[in-house]
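Worksheet: the structure to be examined is printed underneath.
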Amino acid sequence: MSSARSGGLPTVDAKEPAVLTLPGPVARDEVAGLCDQVRGLLAGGGGSVVVCDVGGLGPPGLAVVDLLARLELTARRAGGRIRLRDPDPALHALLGLVGLRFQVEGQVEEGEPPLGVEEAVETGDPAP
2 MSSARSGGLP TVDAKEPAVL TLPGPVARDE VAGLCDQVRG LLAGGGGSVV VCDVGGLGPP
62 GLAVVDLLAR LELTARRAGG RIRLRDPDPA LHALLGLVGL RFQVEGQVEE GEPPLGVEEA
122 VETGDPAP
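Going by my numbering, the sequence shown runs without a break in its numbering and finishes at 129.
Here it is as C-alpha cells:
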C-alpha cells in the first residue's frame, strides 16, 4: 500500500537536525535555491542546526567556500547554524585558510573535552 507524498518540506524530528545533501559541483545559479532550502529547514521547526552533507561536492575550491559561506550566513540570519558532514580534509584546510570555521559532525567543540573524558585532579593541587 502506498500513500501520496505531500508537497513542501519533509517533516523533521526536532531531536535530529535536518540534513541537506549538497550534490556534486554546484552551479552559481543553484546557490540561491540551496539557501532557500536552508531557510526553509530552519523555519520548519527542525531545530537550529542544518547538517550539510558535503561529501559529494568534489574537489574543494573557492566556489565551494563561497557556497558554504552563503549557506552559513543564511542560516545565521534565520537564527541557526550549519554543521558539515563528511568534509574532505582539503576542504577543511581551505576553510581554515580563508578564516571560516564550521562545526563538523562528530568533531568535539573547541574547549570541551570529548565525551567520556573527565579531567583528573591531583590530590596536592590547590583549588582554582
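The C-beta atom is built at its ideal place from N, Cα and C for all residues, glycine as well.
Exercise. Determine the contact status of valine 39 and alanine 76, defining contact as a CB-CB distance below 9 angstroms.
Key: Counted from its first residue, the sequence shown places residue 39 at position 38. Counted from its first residue, the sequence shown places residue 76 at position 75. Against a cut-off of 9 angstroms, the Cβ pair of alanine 76 and valine 39 comes out as a contact.
Quiz item: How would you label glycine 81, buried or exposed, when you count the other beta carbons within 10 angstroms and need 16 or more for buried?
Solution: The residue you call residue 81 lines up with position 80 of the sequence shown. When all chains shown are included, glycine 81 counts as buried.
Self-check item: Residues of its chain near alanine 91, where Cβ-Cβ distance is below 7 angstroms and the 5 sequence neighbours each way are ignored
Solution: By one-based count along the sequence shown, residue 91 stands at place 90. Correct list, in chain order: Pro61.
Self-check item: Cβ-Cβ distance between valine 20 and cysteine 53 below 9 angstroms
Solution: Counting from 1 along the sequence shown, the entry for residue 20 is found at position 19. Counting from 1 along the sequence shown, the entry for residue 53 is found at position 52. It is a contact, given that the beta carbons lie within the stated cut-off.
Quiz item: Can you name the start and end residues of the alpha helix (DSSP H) that alanine 132 belongs to?
Solution: The question about residue 132 has no answer here: the residues shown for the chain are numbered 2 through 129.
Quiz item: Buried or exposed: valine 55, going by 16 or more other Cβ atoms within 10 Å of its Cβ?
Solution: Counting from one through the sequence shown, the residue named residue 55 turns up at place 54. Valine 55 comes out buried.
Self-check item: From Gly107, Ala79 and Leu96, residue whose alpha carbon lies closest to that of serine 49
Solution: If you number the sequence shown from 1, residue 49 lands on position 48. For the set Gly107, Ala79 and Leu96, the Cα lying nearest the Cα of serine 49 is the one of Ala79.
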